[in-house]
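The numbering used here puts the first residue of the sequence shown at 777, with every later residue one more than the last. All C-beta atoms, glycine included, are put in the ideal place defined by N, C-alpha and C. Take a look at the structure below.
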Amino acid sequence: VGAVMHKICNIIFAMLRDNKPFELITPEEHRERYAAEHPESVNTAA
777 VGAVMHKICN IIFAMLRDNK PFELITPEEH RERYAAEHPE SVNTAA
């Protein structure tokens, strides 16, 4: 229960800090956004 509350508090405070609404994205969307923002750190060898 403590870990869940900690995670929720981190999300809430990040939303307040960044002044942006919470946006739920899929893991695939997260990977695409990360790859677009950090092309040097993405391993393209598959």
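Shortest alpha-carbon distance to residue i belongs to which of the options?
i	options	result
residue 807	783, 818, 798 and 800	818
From residue i to residue j, what does the alpha carbon distance come to, in whole angstroms?
i	j	result
residue 803	residue 815	17 Å
residue 781	residue 811	30 Å
residue 794	residue 785	14 Å
residue 791	residue 799	10 Å
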